[in-house]
Ligand SMILES: [Zn+2]
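Numbering (my numbering), first residue to last: 2 to 313.
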């Protein structure tokens, strides 16, 4: 029987997002289940398997019509589908997500790190369509990233390729990063990072700004930039300096066709490129100067799209 459908699964710390796709990449259905993290997260994979099997029974679709199940998980996964712990899920030690899910479902399974999977999703059906070499940079609470080379995820030796947030960009930092180092890109370029920059700016500068009365967020900062608030523009420049230099370093190694920018900060829109792009161009190796910058478009669905694409 022809393979017609794929399941794309994105495992998060709070919910598991599930998508049911055609092999051409049309999202037919999506839903979420709760991530049960108790007892070292031992129920998470069985819950996913049960949800998938119930879906097939309800829709009267046979397993023979399923090309496979792709799954993105928040931790380092090697190219055999072995994960080495996932703090957010309560998973400890090493085990094969692929073997467990294949046993539970009786269908072929592929697994990779969630940030890498999101990058694959943006290449397939999102902001990175048309490119085969791209870097997804997700500017959220931290900075996540995914590296796609020749249309495929580059996992790295230890499964930590694309840890863009932990590129060292500042020697003078006194606050520790979540990774244990000091002066990582995500301390300045993430949604949380740009808010830190703003707070420090107002500690050092006694100036008027619409941000002083607002709840400072990445969005509020870029809204103020659009309203030509002088302080907000200065903060955006600092953000652009860090991110632009960080991306220039990546370009010197990977030389991608495009950077696809996603996450909360990217909701500010193209305005962020006005602060990142000039710094990037000033610092990058000359041959990489025309690297494209685009916005991610799939939002929270990037993970299920990319997970589905893993199967193909
Ligand atoms: Zn770090």
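Beta carbons: idealized from backbone N, C-alpha and C, even for Gly.
- Closest option to residue 267, judged by alpha-carbon separation, among 59, 220, 98, 80: 220.
- Using a C-beta cut-off of 8 Å, the segment 169-181 makes no contact with the segment 93-111, since fewer than three inter-stretch Cβ pairs fall below that distance.
- In the DSSP assignment, residue 83 falls within the unbroken beta strand (DSSP E) covering 83-87.
- Counting along the chain, the unbroken alpha helix (DSSP H) around residue 274 starts and ends at 272-284.
- Look at residue 20 here: in three-state DSSP terms it is strand.
- With a threshold of 7 Å, the Cβ atom of residue 174 does not count as near ligand 1, since no heavy atom of the ligand is closer than that.
- Per the C-alpha coordinates, the member of 311, 287, 260 positioned closest to residue 297 is 260.
- Bounds of the alpha helix (DSSP H) holding residue 222 are 219-227.
- Assignment of residue 41 by DSSP, reduced to helix, strand and coil, places it in the helix class.
- Assigned with DSSP and collapsed to three states, residue 33 falls in strand.
- Counting the other Cβ atoms within 10 Å of the Cβ of residue 35 gives fewer than 16, which makes it exposed.
- DSSP places residue 169 in the strand class (E or B) of the three-state scheme.
- Ligand 1 approaches residue 187 closely enough that one of its heavy atoms is under 7 Å from the residue's Cβ.
- Under DSSP, no beta-bridge partner is assigned to residue 245.
- Contact between the segment 77-91 and the segment 153-166 is present: three or more C-beta pairs spanning the two stretches fall below 8 Å.
- With respect to the 8 Å criterion, residue 26 and residue 309 are classified as neighbours on the basis of their beta carbons.
- Shown here for residue 173: same chain residues with a beta carbon closer than 8 Å to its own, the five before and five after excluded, namely 184 in chain order.
- Classified as buried, residue 277 has 16 or more neighbouring CB atoms from the shown chains inside 10 Å of its CB.
- Under DSSP, the beta-bridge partners assigned to residue 150 are 153.
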